[in-house]
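Participant: Just remember that our numbering sits 2 ahead of the position in the sequence shown, which is counted from 1.
We put the CB at the ideal spot given by N, CA and C, even for glycine.
Given the structure is predicted, the values throughout are model-derived calculations rather than measurements.
Okay, here's the structure, questions in a sec.
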Amino acid sequence: MKTRRGFTLVEILVTVGIIALVSALVLLPNVLRSRLNANDAIAQSTLKAISNALEIYMIVHGAYPADTDSLLADAPPYLQTDFFDSQPHSGFNYTAGTLTGYTYAITAAPFSSSHGTRSFTMSTGGVLTAN
């Protein structure tokens, strides 16, 4: 009788399956963390775009708008997208907390914990804070 040399197909498939499972368990948290970081970066970038629109509005009109609709209604509009509707944008909801003629505070809050873990606020002059 011959002695076997090498591995059977079943042994190789089991080994590859175990390696794939361990790799997935190790890499999955990193993939999820990168998604959260990407959503955070998009939220910060969106807040910066809204802040820029508010600052340009201030230069043109001499005061910040009384509501966010003014940023969309003027011709040409200062914002192309209504970020303040009830729908989340890239996992974040945007709200205009304080919007007076001389100050503003815009907040981006994650829609759920799977979309982000921190809220961000952009206030007058483009000051960004993470909560």
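Check whether the segment 31–44 and the segment 60–71 touch, using three or more Cβ-Cβ pairs below 8 Å as the test.
Facilitator: As far as the Cβ criterion goes, the segment 31–44 does not touch the segment 60–71, which means the pair count is below three.
Participant: Are the CB atoms of residue 49 and residue 122 nearer to each other than 7 Å?
Facilitator: yes
Participant: Alpha carbon to alpha carbon, how far is residue 17 from residue 26? Give it in angstroms, no decimals.
Facilitator: 14 Å
Participant: How many angstroms separate the CA atom of residue 129 from the CA atom of residue 114?
Facilitator: 24 Å
Participant: What is the C-beta distance between residue 103 and residue 65, in whole angstroms, given that I count them as a contact (C-beta under 8 Å)?
Facilitator: About 4 Å; that satisfies the 8 Å criterion.
Participant: Would you kindly check if the distance between the Cβ of residue 70 and the Cβ of residue 98 is under 7 Å?
Facilitator: yes
Participant: Just mark residue 31 as buried or exposed, buried being the case when its beta carbon has 16 or more other beta carbons within 10 Å.
Facilitator: Exposed is the call here.
Participant: Exposed or buried, what is residue 14 when buried is set at 16 or more other beta-carbons lying within 10 Å of its beta-carbon?
Facilitator: exposed
Participant: Out of curiosity, what's the CA-to-CA distance linking residue 55 and residue 81?
Facilitator: 6 Å
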